[in-house]
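If you use the working numbering, the sequence shown corresponds to residues 35 to 266, in order.
C-beta atoms are modelled at their ideal positions from N, C-alpha and C, and glycine is treated no differently.
The structure appears right after this line, and notes come after that.
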Amino acid sequence: MATDVTALSTEVPPLRDGDRLTRTEFERRWDAMPEVKKAELVDGVVYMPALSRDHGVPHFGLIGWLWMYQTLTPGTEGADNASVRFDDDNMVQPDALLRVLESHGGRCRVTRDRYLEGGPELVVEIANTTADEDIGAKRDVYRRFGVQEYIVWRVADRALDWFVLRNGYYWPLAPSADGIIRSEVFPGLWLDSVATVAGDAARVLTVAQLGHGSPEHAAFVTELRRRAGYSA
């Protein structure tokens, strides 16, 4: 039987960890592999991390924390493992993100094919087997594309880092004397990082609720309404 040259020439190669690709080629291969759940392009290099239980459990907790804030803050939107386009060499898939909607003054937009494009205001990564990538190459990409706050939960180290972008550089956002880290970009988004890492869900929930009920959160909700053209 004759070989079908046309079929061979149009076959899409699989994505492989460590491949060096353009974003266009990365997306072509990604679209041809619906069974793949996690793949990113960081400075032209493909990363395909394994997602173990030690990644999934903390991920689940932080998604719940962000979901509560989004629910009580109209004009914001969270996402879980949504791919974000930056440029021809970068298409990341953060574990979680929180953004201000375009209609309310946000920078990140939704494209015609339903991807996100541009830096979300806040990105969260669970660094289990990917700590070097999340703290190194990926953090630099987020910095360059204006992600204003970046949270990394380093599972093996039992530590959580929260960075804020100031004058083009990431600086650690330290907890106050009460042990609470308070977002500068999303007023009322509060976290006790020690309780989070320790799995003290009751304390995490209590602190989150305090943030949601704070005067600064109420003022932020009013500001978001103003940006969208609503009366206060």
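Closest residue to residue i among the options (Cα-Cα distance)
i: phenylalanine 120; options: Leu199, Arg177 and Ser217; result: Arg177
i: proline 83; options: Ser227, Arg54 and Gln127; result: Gln127
i: alanine 252; options: Phe220, Asp226, Val241 and Asp122; result: Phe220
i: leucine 268; options: Asn115, Tyr81 and Thr107; result: Any answer about residue 268 is impossible in this case: the structure gives the chain only from 35 up to 266.
i: arginine 133; options: Arg63, Leu100, Ala208 and Pro154; result: Pro154
Delimiting residues of the beta strand (DSSP E) encompassing residue i
i: methionine 82; result: Unbroken run through methionine 82: none, as it is neither H nor E.
i: proline 249; result: Per DSSP, proline 249 belongs to no beta strand (DSSP E); it is in the alpha helix (DSSP H), 249-261.
Neighbourhood of residue i by C-beta, 6 Å cutoff - its chain only, sequence neighbours within 5 removed
i: glutamate 218; result: Val198
i: alanine 113; result: Leu131
i: leucine 258; result: Gly109 and His138
i: tyrosine 204; result: Arg177 and Phe197
i: methionine 102; result: Ala242
i: glutamate 151; result: Arg119, Arg143 and Thr145
i: serine 43; result: Any reading at serine 43 is ruled out, since the residue's pLDDT is 43, under 50, leaving its predicted position unreliable.
Start-to-end residues for the alpha helix (DSSP H) that takes in residue i
i: tyrosine 103; result: 87-105
i: valine 228; result: 227-232
i: aspartate 174; result: 171-178
DSSP bridge partner residues for residue i (one or two, in chain order)
i: methionine 125; result: Leu75 and Arg119
i: alanine 113; result: Leu131
i: glutamate 183; result: Leu156 and Val198
i: tryptophan 205; result: Val198
i: glutamate 151; result: Arg119 and Arg143
i: tryptophan 224; result: Arg216
Cβ neighbours of residue i in the same chain (closer than 8 Å, five flanking residues each side left out)
i: tryptophan 224; result: Ile214, Ile215, Arg216, Ser217, Val241, Ala242, Leu244, Gly245 and Ser248
i: glutamate 61; result: Met125
Nonlocal neighbours in the same chain, by C-beta distance under 7 Å from residue i, ignoring five residues either side
i: arginine 54; result: Gly78 and Val79
i: methionine 67; result: Pro48 and Leu49
Three Cβ pairs or more, each shorter than 8 Å: is that satisfied between the segment 152-163 and the segment 88-101? yes
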